[in-house]
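Residue numbers (the numbering used here), protein chains in the order written: chain A, 492 to 629; chain B, 492 to 629.
Backbone N, C-alpha and C fix where the C-beta goes; we use that ideal spot for every residue, glycine too.
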DNA sequence: CGATTAATGCACTTCCATTGCATCCAAAGT
DNA sequence: ACTTTGGATGCAATGGAAGTGCATTAATCG
């Protein structure tokens, strides 16, 4: 078993060939991907399989889903220590309005916010829209 | 002309009967609504009309679109001084995971965030998930 | 009152997510 | 090695919601 197989197994995900391929591909990406991105790259395999693969990953704390406002969910590999329903990815997400790429700025935590009395925080999601460093070059 | 008609006209939106009804309804709501919510309430009128009504409102700074992570956009009336592409609604949004209602916490601004060099901010969207005061009553 | 422009309603298309079911594969027991 | 069993995969179909084209209606302006 290689590193990826061990990792998947440690997350209670059976390391099938497909899952290993998908994970390896995700790990190399610097920005979050949509299901359609996956479908384009893995043209040999079925959309449903990819859909369920990423869903399994999400449910087992391997990736987190990002909603950057575009309406289509994107996925990126989690930081360490995530579990389903208990993700530790309270970093902010940056969505570039020019290239439409969304990336995790894991070094940038979401600042503390105060809420009105009676409100209980479970999770937070901060998306910053603008120009990424690659596009901001006019 | 009543108050609503004057307001719509001031936003360069012709105050038709439909639009006045929709605006009045929106103004009474404490939480953001989906297109489907509107469709259910205004069962007499066509979905497309409601769709275009809310779109017109959005384009003219009357409502803002909220993406609470559920994938389905929601809408709420803007604070004063909004224009299209220049919304002043950098407040945070609270999404209750129990009742699925989303509300604007206009008193709570999004805290300042620092970004890596080269990144240009155009807009921000902070959604806090958790239990609202009504649901947090175990 | 007629002409012009915008708003509305209906039908249709499109885009994805999601599900049902049959098949395949791989692990676990015999 | 064979069988059994459950999960993984692939195909087909469903479903939900956004969006578009076009004909019709309503409203404004001269």
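Open item on the list: Just to confirm, is the Cβ distance from residue 504 (chain A) to residue 551 (chain A) under 8 Å?
Closed with: yes
- [ ] Mind the definition here: the region 533–553 of chain A touches the region 504–515 of chain A only if three or more C-beta pairs lie below 8 Å; say whether that holds.
- [x] yes
Open item on the list: Checking 8 Å against the spacing of the C-beta atoms, do residue 570 (chain A) and residue 527 (chain A) come in under that value?
Closed with: no
Task: Pairwise C-alpha distance: residue 584 (chain B) and residue 539 (chain B) - done: 27 Å
Open item on the list: Please tell me whether residue 562 (chain A) and residue 618 (chain A) are closer than 8 Å, where the distance is taken between their beta carbons.
Closed with: no
Task: First through last residue of the alpha helix (DSSP H) which encompasses residue 501 (chain B) - done: 494–501
- [ ] Specify, as a first and last residue, the run of the beta strand (DSSP E) that residue 613 (chain A) falls within.
- [x] 611–622
Task: Neighbour flag for residue 560 (chain B) against chain A, beta carbons, 8 Å - done: yes
Open item on the list: Tell me which residue opens and which closes the alpha helix (DSSP H) that residue 546 (chain B) is part of.
Closed with: 538–550
- [ ] Can you have a look at residue 553 (chain A) and say buried or exposed, based on whether 16 or more other CB atoms are within 10 angstroms of its CB?
- [x] buried
Task: Of the listed residues B:589, B:568 and B:495, nearest to residue 582 (chain B) (C-alpha basis) - done: B:568
Task: First through last residue of the alpha helix (DSSP H) which encompasses residue 531 (chain B) - done: 526–532
TODO: Output yes or no for whether 8 Å exceeds the beta carbon distance between residue 621 (chain B) and residue 612 (chain A).
DONE: yes
TODO: Indicate the three-state DSSP secondary structure (helix, strand or coil) for residue 556 (chain A) in the structure shown.
DONE: strand
Task: Backbone secondary structure at residue 581 (chain A) - three-state DSSP - done: coil
- [ ] May I ask which residues mark the beginning and end of the beta strand (DSSP E) holding residue 567 (chain A)?
- [x] 565–568
Task: residue 596 (chain A) - containing beta strand (DSSP E), residue span - done: 593–600
- [ ] Select from the region 582–595 of chain B all residues with a C-beta closer than 7 Å to any C-beta belonging to chain A, and list them in chain order.
- [x] 583, 585 and 588
- [ ] Taking all protein chains shown into account, decide if residue 610 (chain B) is buried (16 or more other Cβ within 10 angstroms of its Cβ) or exposed.
- [x] buried
- [ ] Output the distance between the C-alpha atoms of residue 624 (chain A) and residue 497 (chain A), rounded to the nearest integer angstrom.
- [x] 35 Å
Open item on the list: Considering only the alpha carbon of each residue, which of B:518, B:606 and B:564 lies closest to residue 542 (chain B)?
Closed with: B:564
Open item on the list: Does chain A have any CB closer than 8 Å to the CB of residue 537 (chain B)?
Closed with: no
- [ ] Identify each residue in the region 609–620 of chain B for which the Cβ-Cβ distance to at least one residue of chain A is less than 9 Å, and report them in chain order.
- [x] 609, 610, 611, 612, 613, 614, 615, 616, 617, 618, 619 and 620
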